[in-house]
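Below is one structure, written out as structure tokens; comments come after it.
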Amino acid sequence: MIEAKARRSARPAGRSRRAHASPDYVLVLAVAGLLIIGLMMVYSATFDWSYQKYQSSFRIASRQFLWVGLGVVAVVVFAAVPYDYWRRAAVPVMGVALLLLVLVLFVGEERFGARRSFFNGSIQPGELAKLAMVIYVATWLSSKGDQIRDVTYGLVPFAVLIGVVAGLIVMQPDVSTAILIALTALAMFFFAGADIFQLAAGGAVTVVTFLVLINQLPHAKQRLEEWLQTWHDPTLVGHHIRQALIALGSGGLFGVGLGQGQQKLGYLPAS
38 MIEAKARRSA RPAGRSRRAH ASPDYVLVLA VAGLLIIGLM MVYSATFDWS
88 YQKYQSSFRI ASRQFLWVGL GVVAVVVFAA VPYDYWRRAA VPVMGVALLL
138 LVLVLFVGEE RFGARRSFFN GSIQPGELAK LAMVIYVATW LSSKGDQIRD
188 VTYGLVPFAV LIGVVAGLIV MQPDVSTAIL IALTALAMFF FAGADIFQLA
238 AGGAVTVVTF LVLINQLPHA KQRLEEWLQT WHDPTLVGHH IRQALIALGS
288 GGLFGVGLGQ GQQKLGYLPA S
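Each residue of the sequence shown is one higher than the one before, starting from 38 at the first, in our numbering.
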């Protein structure tokens, strides 16, 4: 009887240990390292501009430090949320993301010929759509199981979903974010069990679609042409590309040292 009680009392503890498994410390260290490098790069790239504009070399970088701190808190909170919650929240989260993607086309702030954000750039629906897509696609793929190998139940509805989200983002226009979302979703689709034929077909359609879009969208086509004609354009519209190449050439493989780069000293007025 005593042994039976002991076994019953031990079961919840075992389940609790499994429910609160230890984190992947390698992944945590990798992310922490990237955050530290990113913060160093932000400070190195902005301290001159920040001092000229605010008389403080740390003013612009401090905002990045603040957002990183908030992000760390958010990670800790979200890590404590059971996975089942995200399954239930997938549809509402995706619905909110789609609603914001539609609203930004009509009431979003226009900057440099694009409507991508609200509240002075603080909220960008395209960025929120990245997270929403990962949550929703993961939930959708897990619900399909082996059915994703069937084109009717797998590739076709998957392509429609990605097409709607990427299409709304392209209309802002923001081709780079749309490409990132499409490639991320394709990778998830493949690792979830889709066969290589479906991956190849989806990839081919994605590439062709974006090539057509780049050809049809004036600003995207202009950027591509500027990149191809960087050193032959007398109007200097490829100035940013030239400065990037100069930075790569002068820094070499390991750079010129933290804070020693020259391109931040007024050479990139729109960076």
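Don't be surprised by glycine CBs; every beta carbon is placed ideally from N, CA and C.
Secondary structure at ALA229: coil, using DSSP grouped into helix, strand and coil.
Burial is judged here by how many other beta carbons sit within 10 angstroms of a residue's own beta carbon; MET77 has fewer than 16 and is exposed.
Here PHE291 carries a coil assignment [DSSP, helix/strand/coil].
Judged by pairs of C-beta atoms under 8 Å, the segment 115-135 touches the segment 163-175, as three or more such pairs exist. Per DSSP, SER180 is one residue of the alpha helix (DSSP H) stretching across 162-181. The beta carbon of LYS167 sits closer than 8 Å to those of THR214, LEU217, ILE218 and THR221, all from its chain and outside the five residues before and after it, given in chain order.
Counting along the chain, the unbroken alpha helix (DSSP H) around ALA203 starts and ends at 192-207. For ALA151, the uninterrupted beta strand (DSSP E) run begins and ends at 151-154, by DSSP. For a cut-off of 8 Å, the C-beta gap from LEU198 to GLN235 is around 14 Å, too long to register as a contact. DSSP lists ALA151 as the beta-bridge partner residues of ARG148. When secondary structure is reduced to three states using DSSP, PRO255 falls in the helix class.
DSSP, read as helix, strand or coil, puts PHE95 in coil.
With 16 or more other Cβ atoms inside 10 Å of its own Cβ, PHE195 counts as buried. Taking C-alpha positions only, ALA231 is separated from MET131 by approximately 22 Å.
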